[in-house]
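Asks: According to the UniProt record's numbering, numbering within the sequence shown proceeds without interruption in unit steps and concludes at 822. Sharing a structure, written as structure tokens. Questions coming.
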Amino acid sequence: MMEAAPAHITTGRHRSGELTDPSSPEGFTLRLSEQEKATLVVGQNATETHGVDRLGVRPLRMVDGPHGVRRLLDPSQGFLAAAHPATCFPTAAALGATWNVRLLKEIGHALGREAAAQDVDILLGPGANLKRTPIGGRNFEYFSEDPLLSSSLSAGWILGVQAEGVGASLKHFAANNTEQRRYGIDVLVDVRALRELYLASFERAIIDARPATVMAAYNKLNGIHCTENSWLLRDVLRNEWGYTGAVISDWGAAFDGVASLEGGTDLAMPGPLNARAIEEAVERGDISHERLDAAAGRVLALGGHLPARNATLDPDFAAHHALARRAAAEGTVLLKNDTGLLPLSGKETVAVIGAFASEPRYQGGGSSQVNPTRLENLLDSMRQALGDQHVTYAPGYDRTLVDSPSTLHLEAVVTAESADVAIVVIGLPEAFESEGTDRVHMELPAAHNHLVTAVVAANPNTVVVLMNGSPVEMPWRDRVPSIVEAYLGGQAGGSALADVLVGAAEPGGRLAESFPERYSDHPVSRLPAGPAQTEYWESIYVGYRYFDSAGLDVAFPFGHGLSYTAFDWSPIGPGASKFDGTAETPVTVTLRLTNVGARRGSEVVQVYVRDVQSSVFRPRQELAAFAKVELAPGEHEDVTLCLERRAFSFWDTERAAWVLEPGEFEILVGSSSREVKFSHVVTAQGQPEASARDAAPAPYLNPGVGKTFTRPDFEALYGSPLPPNEVSSPFNMDTALRDMRHTAGGGLVFRLMRNAVVRTLGLTKDDPLSAIADDVVGQINFRMMPTLTEGTITPKRATRILRWLNWVNRQSGWPFRHTTRQ
Ligand code: BGC
């Protein structure tokens, strides 16, 4: 296939090595040798591209990440080396709960300025993957289970960062929802779920905000690695969505440099193939000259369109800290406040309980980890807000352990008893949430649950504050009057939380994800995962799309969050009852929102659409538009929301297009997916187009309690036979070490890698993180060896070691077959 020309670079005559940039004022033409072009499309090291000295083209620096700038002090010390101090903003989980695109843009500006000041050209974020399950290890890096919310917030982030002259890298494209076997897992997802959810979570951000780069994910998508997936990268991203920036690989994801370049990845970071190998591939004809020109052109364009670095820029860290504080309060969700315990009056004595109150959980582990410029905790902030004499403290648990000594509990109960109010801060320890590992359940550590039960029995005026990156089960939910979800709130999370508790700020958050009662209620909890594939049997029934369709009670629904004030919602006018389904924004919803309470506060107006008469299965309702509105007491605002055509459409697999069917749609306006304030029905006009559709398998037509999605049902939806979901010997480049560690050769390689990781991390046996070392190492496959060993194992050597391992296994008589659920 001929490469579609990028907007600002068109390739000149290929063989002469010319690249022409007609959009530049000079219309300059760069004459590049094949060798120079080849160097442009592979990374130079873990954070930089190659420059072209002769032409004054400098290398580009790319660093993580979504919540703050992580520029390593000395990159030669490896991925985990210490980083320059930078503002640690709230994690995406918390930012998702703000539902505030403007705020995301503001944070983007701040991130962009800090990145520019640190000589960074591309900031590796935001993460726009949809949250498929509550147990995904990287959920804290992602915004939402809803694609409209996720892509809108991503767009805000990107626009802010890029306005400061720093490029963004929207990641991880696409369907990167699990850490299990993350480097080689094959995600099988049907086209409708892909289009309506997993791709849609990126689409608006790509089209509206034009990120400088898009990062292709580690996983395979429907049989092909994302970095090599020309359907994903060329047909959809470039040809359909008109993307003109550069596609870069996730770190190490472009193992087969030839296949990834041909598939549509322009820049392989940080390799592992070197420029010489690319050149040879071009000489052999494995990579076309056109393709190399296009890729090199886009990498060049990245540099050409970025301003000169501004190392003299002096970011205002104090202002950024204040912004992080405001954002953390805006992402804090008041889940429950039955007796109006919150906000505190300021006169009470308060027992602050929980080790997270003095040593907070505020960010997640892995590549997004930031070295904060300062770090606040709730305990100090409460003492500042209320005065030392009003605040007592007991740690209640050991912050790294699942079970804790009972003496800590006893001390906590005594402390709680003697105060007016107990604030119990609990959550998930570091080892529960990190890049490289998923949770296997949604439970809090047992010690945290026991602590809550004991404290609330001793003092009914108990507020539970949660610090976690994604939903947890709350078995004590009915017994506790007030619950606050603080998420992982970044470096200013402590003061932000104190602001919310004492009422200096309002809890501005609304859940961007559903909180099921228990993990077993979640459809994915009943589905197999791996070893070769993760099959998305639930299709479009993700998050509230499932719970609302199934009519299943949840602990807290999508969109939920209480306020310290109260609002009156009144529709304005009946609105048209019919609409033209061909218009771009065919329906508008107008309402008057009035703050009828005594405090300033914000509300998120959420509009959902239900397709009343559809010829295909659809979720009960889908988010169609939203607006965050802030009002002083007594103030009102007339809010108008424009519903786009897409809000009514589904992806028609037969026509391979978005289709808005004539017929009735219910428009539901409310403050969560379950709290509807008013609704009305509108009719899309037009003639239904004749179309013969196969009836979908039963669970999709009417999902509900007691019904499960099955493999044959999914296979029918998927439209082609599913490959066997098993790992068998001989192993291949995608086989995860966890699936070969019980073989003679695999066990040896696993142990060697584990020792190397433990050494690099400096983990002792007692370090709680050593618990996840097995898991993290188990995800590794041979594709990743060159990147993870920073080149010590070359791609050739990785291939050879794998061959040797298979040989050893054969000698020891291993016919191996493995079909686990985990
Ligand atoms: C992560 C990316 C990150 C990259 C560079 C990868 O392992 O998946 O999110 O941007 O490393 O650090």
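All C-beta atoms, glycine included, are put in the ideal place defined by N, C-alpha and C.
#1: Pick from Thr799, Leu194, Arg71: whose alpha carbon is nearest that of Trp231?
#2: Figure out for me which residue from Val808, Ala657, Thr47, Thr373 has the closest Cα to the Cα of Ala492.
#3: Starting from Arg599, trace the alpha helix (DSSP H) both ways and give me its first and last residue.
#4: According to DSSP, which residues form a beta bridge with His50?
#5: Exposed or buried, which one is Ile158 when buried takes at least 16 other CB atoms within 10 Å?
#6: Within the present structure, is the beta-carbon of Lys628 separated from the nearest heavy atom of the ligand BGC by less than 8 Å?
#7: For the beta strand (DSSP E) that contains Asn337, what are its first and last residues?
#8: Is any non-hydrogen atom of the ligand BGC found closer than 8 Å to the C-beta of Ser150, if you look at the structure I gave you?
#9: Spell out a yes or no on whether the region 412 to 429 and the region 449 to 464 are touching, meaning 3 or more CB-CB pairs, one atom from each, closer than 8 Å.
#10: Whose C-beta lies closer than 7 Å to the C-beta of Gly223 among residues of the same chain, with five residues either side of it excluded?
#11: Rank Ser729, Glu715, Pro730 by C-alpha distance to the C-alpha of Pro723 and give the top, closest one.
#12: Going by DSSP, what residues sit across from Ala246 in a beta bridge?
#13: Look at the Cβ atom of Gly364, then the Cβ atom of Glu279, and state whether they are nearer than 9 Å.
#14: Output yes or no for whether 9 Å exceeds the beta carbon distance between Tyr397 and Val352.
#15: Pull up the distance between the alpha-carbon of Asp568 and that of Gly561, whole angstroms please.
#16: Considering only heavy atoms of the ligand BGC, does any lie closer than 8 Å to the CB of Lys765?
#17: Kindly list the residues whose CB is nearer than 6 Å to the CB of Ala200, restricted to its own chain and excluding five residues on each side of it in sequence; keep chain order.
#18: What first and last residue would you give for the alpha helix (DSSP H) that runs through Ile780?
#19: How many Å lie between Asn219 and Thr787 at the Cα?
#20: Going by the CB atoms, is the gap between Val191 and Trp804 shorter than 9 Å?
#21: What does DSSP give as the partner residue(s) for Gln685 in the beta ladder?
#22: What is the DSSP secondary structure of Ile426, counted as helix, strand or coil?
#23: Quick check: what's the CA-CA separation for Ser24 versus Asn100?
#24: List the whole-angstrom C-beta distance separating Val604 from Ser671, where the pair is believed to meet the contact cut-off of C-beta under 8 Å.
#25: Return the first residue and the last residue of the alpha helix (DSSP H) that Lys765 is part of.
#26: Relative to the alpha-carbon of Val607, which residue among Arg618, Glu635, Glu644 has its alpha-carbon at the smallest distance?
#27: Using the beta-carbon count (16 or more within 10 Å), is Ser404 buried or exposed?
#28: Is Gly125 near His67, with beta carbons less than 9 Å apart?
#29: Taking a contact to mean a Cβ-Cβ separation below 9 Å, would you say Ala329 touches Val500 in this structure?
#30: For a test of your reading of the model: does the CB of Glu790 fall under 8 Å from any non-hydrogen atom of the ligand BGC? Yes or no.
#31: Give a yes or no on contact between the region 262 to 271 and the region 286 to 305, applying the rule of three or more CB pairs nearer than 8 Å.
#32: Do you know how far the Cα of Ser729 is from the Cα of Asn806?
#33: Measuring only from the beta carbon, is Met215 closer than 8 Å to any heavy atom that is part of the ligand BGC?
#34: Within its chain, find whatever has a CB closer than 6 Å to the CB of Val258; leave out the 5 residues flanking it on each side and keep chain order.
#35: Ignoring anything shorter than 3 residues, give me the beta strand (DSSP E) runs that lie fully in the region 411 to 496, in order along the chain.
#36: With which residues is Gln606 paired in a DSSP beta bridge?
Replies: Based on what the coordinates show:
#1: Leu194
#2: Thr373
#3: Arg599 -> no alpha helix (DSSP H), and no H or E assigned at all.
#4: Bridge partners of His50: none, in fact.
#5: buried
#6: no
#7: 333 to 337
#8: no
#9: yes
#10: Asp186
#11: Glu715
#12: Thr213
#13: no
#14: no
#15: 16 Å
#16: no
#17: Pro147
#18: Segment: none, Ile780 is in no alpha helix (DSSP H) and carries neither H nor E.
#19: 16 Å
#20: no
#21: Asp580
#22: strand
#23: Legend: pLDDT at Ser24 = 47, less than 50; position of this residue unreliable, value from coordinates given subsequently. Roughly 36 Å between the two C-alpha positions.
#24: 7 Å
#25: Lys765 -> no alpha helix (DSSP H), and no H or E assigned at all.
#26: Glu644
#27: buried
#28: yes
#29: yes
#30: no
#31: yes
#32: 7 Å
#33: yes
#34: Ala281, Asp286, Ile287
#35: 421 to 427, 462 to 467, 482 to 485
#36: Phe626, Gly670
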